[in-house]
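Residue numbers (the UniProt record's numbering): 1 to 252. Report on the structure given below.
Structure below.
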């Protein structure tokens with residue numbers, strides 16, 4: 001019975017889920033998240049001792065590796081299955097029908113991105129203020145809003161967004177692998193020399209995504225609507241922020 005309920009929640013009747021159809025629920029959650037990250041959480045922890053959470057973090061990180069790998073293979077198989085809708089007008093009935101069939105995938109991606117907000121909760125509870133940056137909070141909050149908005153407006157965004165999300169999820173698989181291994185203890189430090197390359201990998205993701213979207217627009221495969229331009233600008237903005245972060249942290 002529990003498995004049936006879980007299956008229904010994850011894979012069926014997505015359009016009638018409260019989080020999907022309500023205009024205010026997810027934006028309210030996002031605002032609450034931002035307030036917690038920037039004000040409520042730090043205020044609560046200001047005079048309290050930090051939590052270690054070592055075992056919790058280790059389980060969480062390796063769980064996220066599994067979820068992201070699962071989502072990545074689901075995205076790849078979906079893109080192959082529905083490759084015929086690539087470059088198809090967004091108001092074409094075949095496009096909208098195919099999109100509706102992929103809603104469970106979009107839904108699970110959204111749920112996982114919301115689950116990843118726990119990254120921030122752990123930073124606050126562990127008082128890792130150096131990791132709780134504006135870049136971190138903005139990245140987590142905006143991507144949730146974009147996925148949710150895109151799910152509700154398939155005629156305004158392209159199927160190409162799955163490729164962008166696939167790249168993001170692939171990078172997160174590597175990122176959570178690193179965090180999981182680092183949580184095993186100090187003896188793992190000698191195997192984790194590649195930490196700075198996580199940032200390089202993230203920047204490479206943004207460069208690829210920008211180039212891919214440009215090609216989609218230039219070839220006429222996708223029409224550059226307002227939402228598409230915003231997505232492109234957001235990716236470019238993240239690239240600039242990550243470049244600045246890399247220079248500050250790793251450039252001598």
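All C-beta atoms in this analysis are idealised placements derived from N, C-alpha and C, irrespective of residue type, glycine included.
Exercise. Compare the Cα-Cα distances from residue 225 to each of 195, 156, 209 and 241 and report the closest residue.
Key: Relative to the Cα of residue 225, the nearest Cα in the group 195, 156, 209 and 241 belongs to 156.
Please confirm whether residue 103 and residue 169 have their CB atoms less than 8 Å apart. Result no, Cβ atoms of residue 103 and residue 169 do not sit closer than 8 Å.
**OP:** May I ask which residues mark the beginning and end of the alpha helix (DSSP H) holding residue 153?
**Re:** No alpha helix (DSSP H) contains residue 153, which DSSP labels as neither H nor E.
Residue environment, residue 113, which counts as buried when at least 16 other CB atoms sit within 10 Å = Residue 113 comes out buried.
message: Checking 8 Å against the spacing of the C-beta atoms, do residue 180 and residue 79 come in under that value?
response: In this structure, residue 180 sits away from residue 79, with a CB-CB distance that is not shorter than 8 Å.
**OP:** Use the C-beta contact count for residue 167: other C-beta atoms within 10 angstroms, 16 or more gives buried, fewer gives exposed.
**Re:** Buried is the call here.
Neighbourhood of residue 165 by C-beta, 7 Å cutoff - its chain only, sequence neighbours within 5 removed: Cβ within range, chain order: 75 and 109.
Point to revise | Inter-residue Cα distance where the pair is residue 1 and residue 243 | key: Straight-line spacing of the CA atoms in residue 1 and residue 243 works out to 49 Å.
In three-state DSSP terms, what is residue 49?
DSSP, reduced to helix, strand and coil, places residue 49 outside both helices and strands of the structure shown, so it counts as coil.
Check your understanding: Are the stretch 120-140 and the stretch 45-52 in contact at 8 Å, needing three or more beta carbon pairs?
Key -> Segments in contact, yes.
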